[in-house]
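*Asks:* Okay, so the sequence shown: first residue is 1 according to full-length UniProt numbering, each after it adds one.
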Amino acid sequence: MSGCGCTAHGRGSRRSPFTPTWKLGTAELATRVPLDYRCASVGRYVGDPDGGADARNLLGPGLLHREFSRVGKPCRAPQIDSARAPVDAPFARPLPQGFGPVPPFWSWRQAHAGTYDEAWQAAPERRLPDDFDCRFYQSLFDYEYLYLYRSYTRMSLWQLVILMASSAAAGLCSQWRVRRR
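(1) Look up P61 in the DSSP assignment and give the residues it is bridged to.
(2) Thinking P101 and Y116 are a contact (beta carbons under 8 angstroms), I'd like their distance in whole angstroms, please.
(3) Taking 8 angstroms as the cut-off, does the segment 54–70 touch the segment 102–113 (at least 3 CB pairs, one atom from each stretch)?
(4) If contact is defined by three or more beta carbon pairs under 8 angstroms, each pair taking one atom from either stretch, is the segment 93–100 in contact with the segment 67–77?
(5) Less than 8 angstroms between the beta carbons of L24 and A83, yes or no?
(6) Quick one: using the 10 Å Cβ neighbour count with 16 as the cut-off for buried, is D50 buried or exposed?
(7) With H, G and I counted as helix, E and B as strand and the rest as coil, what does DSSP make of R32?
(8) List the whole-angstrom C-beta distance separating V33 from C39, where the pair is believed to meet the contact cut-off of C-beta under 8 angstroms.
(9) Using a Cβ-Cβ cut-off of 6 angstroms (strictly less than) and excluding sequence neighbours within five positions of D81, which residues of its own chain qualify?
As structure tokens, this is what we get:
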């Protein structure tokens, strides 16, 4: 998005090939990459028997974990990253890059929700906690937020074409495709 300095890179599917060490495979040619957090970094820890996950993006393709992930087992790699948060090392945990609203139960939004302790529960009128931060209502990561945004500000997206699968799914599963010139 122009003005906020956000540039996301979309790639084709990548996997770590079956080798004795972790190595990121070559990306396939991409004709379509959904710009949502399912294709961004982090997610559940690959091989964790308890299903542990990085709470910054519970939808991501998964993270390698030194204790749980079996070395050499192929696994899906993120398709979206950026120069600011590249996916370039096997155990890296870069900030997820995506486009769209972030659910309120993700860790960075929960950090602004305030303290719901016993004192708050015992209060006769349950209002927002004293330490509640209105940034909880923002559904973007802090780096995507435009602090000087005005109603007349022009925003631009490049090389994107929207595709709608059906009118019923129009609001749920829109995807963007790179348009070649």
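Ideal placement from N, C-alpha and C gives every residue a C-beta, glycine not left out.
It should be emphasised that the depicted structure is a prediction, and the values quoted were computed from it without experimental measurement.
*Replies:* The answer reads as follows:
(1) G43
(2) Contact doesn't hold; Cβ gap of about 23 angstroms is too wide.
(3) yes
(4) no
(5) no
(6) exposed
(7) coil
(8) 6 angstroms
(9) H9, V87 and Q97
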